[in-house]
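Read in order, the letters of the sequence shown correspond to residues 35 to 182 in the numbering used here.
The C-beta atom is built at its ideal place from N, Cα and C for all residues, glycine as well.
Below you'll find the structure, written out as structure tokens, and then a few comments.
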Amino acid sequence: MIAKWEKTFAEAPLWAYSADDGRKHFQQLCAPCHVLGQDGNRVGPELTGAGRNGIRYFLENIVDPNAVIGTDFQMTTVETKGGDVVSGLTITETAGALTLRTTTEQIVVPKSDIVRRTTSESSLMPEGLLEALGERERLELLKYLLQN
Numbered sequence: 035m036i037a038k039w040e041k042t043f044a045e046a047p048l049w050a051y052s053a054d055d056g057r058k059h060f061q062q063l064c065a066p067c068h069v070l071g072q073d074g075n076r077v078g079p080e081l082t083g084a085g086r087n088g089i090r091y092f093l094e095n096i097v098d099p100n101a102v103i104g105t106d107f108q109m110t111t112v113e114t115k116g117g118d119v120v121s122g123l124t125i126t127e128t129a130g131a132l133t134l135r136t137t138t139e140q141i142v143v144p145k146s147d148i149v150r151r152t153t154s155e156s157s158l159m160p161e162g163l164l165e166a167l168g169e170r171e172r173l174e175l176l177k178y179l180l181q182n
């Protein structure tokens, strides 16, 4: 799939595709977890400047998000004594508390309230993200990612 989409991107007349529409696709699909320029939320890796890594970098990470996961981006799930379950990225950890960043907020959980804590080997990023887009939208998104 990576090779197929890379070939499609390389053969497409990119002048015919709108980077403005690519930004809209980014805001809808990627911005809840990634920052690019002035858009987005810092849950996953910062994407500003990542375009220098080329199209394959984006395709590999989007198509197979579980292939390489940095330890800073492994999801931590805690269950509290009160029965709450909180999942997110570990932002800070002290002797007394764990701070997790979810897609919507930062939550501080006192360690004395934690009953169970696990770290996932899977990425927070869902598989099949590009499949939700048509070919034109994929090209616009990828063009936008590469330009920033």
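Taking all protein chains shown into account, do 16 or more other C-beta atoms lie within 10 angstroms of the C-beta of residue i, making it buried, or fewer, making it exposed?
{"i": "residue 122", "result": "buried"}
{"i": "residue 49", "result": "exposed"}
{"i": "residue 109", "result": "buried"}
{"i": "residue 100", "result": "exposed"}
{"i": "residue 35", "result": "exposed"}
In chain order, what residues of the same chain have a beta carbon less than 6 Å from the beta carbon of residue i, not counting five sequence neighbours either side?
{"i": "residue 103", "result": "157"}
{"i": "residue 112", "result": "120, 143, 148, 151"}
{"i": "residue 51", "result": "173, 174, 177"}
{"i": "residue 38", "result": "none"}
{"i": "residue 97", "result": "35, 36"}
If you follow the alpha helix (DSSP H) that residue i is part of, which residue opens it and which one closes it?
{"i": "residue 207", "result": "An answer regarding residue 207 cannot be provided, because it is not within the stretch 35 to 182 covered by the chain."}
{"i": "residue 122", "result": "Looking at the DSSP string, residue 122 is not in any alpha helix (DSSP H); the run it does join, the beta strand (DSSP E), is 119-127."}
{"i": "residue 60", "result": "53-63"}
Suppose the cutoff is 8 Å on Cβ atoms and the five residues either side in sequence are ignored; what does the same chain contact list for residue i look like?
{"i": "residue 165", "result": "none"}
{"i": "residue 73", "result": "57, 60, 61, 65"}
{"i": "residue 114", "result": "120, 143, 147, 148, 149"}
Using three-state DSSP, classify residue i as helix, strand or coil.
{"i": "residue 146", "result": "helix"}
{"i": "residue 70", "result": "strand"}
{"i": "residue 132", "result": "strand"}
{"i": "residue 137", "result": "coil"}
{"i": "residue 152", "result": "strand"}
{"i": "residue 77", "result": "coil"}
{"i": "residue 113", "result": "strand"}
{"i": "residue 36", "result": "helix"}
{"i": "residue 100", "result": "coil"}
{"i": "residue 83", "result": "coil"}
Quick one: what's got a C-beta closer than 7 Å to residue i's C-beta in the same chain, skipping five residues either side?
{"i": "residue 125", "result": "133, 134, 135, 140"}
{"i": "residue 176", "result": "43, 89, 92"}
{"i": "residue 40", "result": "89, 90, 93"}
{"i": "residue 82", "result": "69, 70, 71, 182"}
{"i": "residue 161", "result": "99"}
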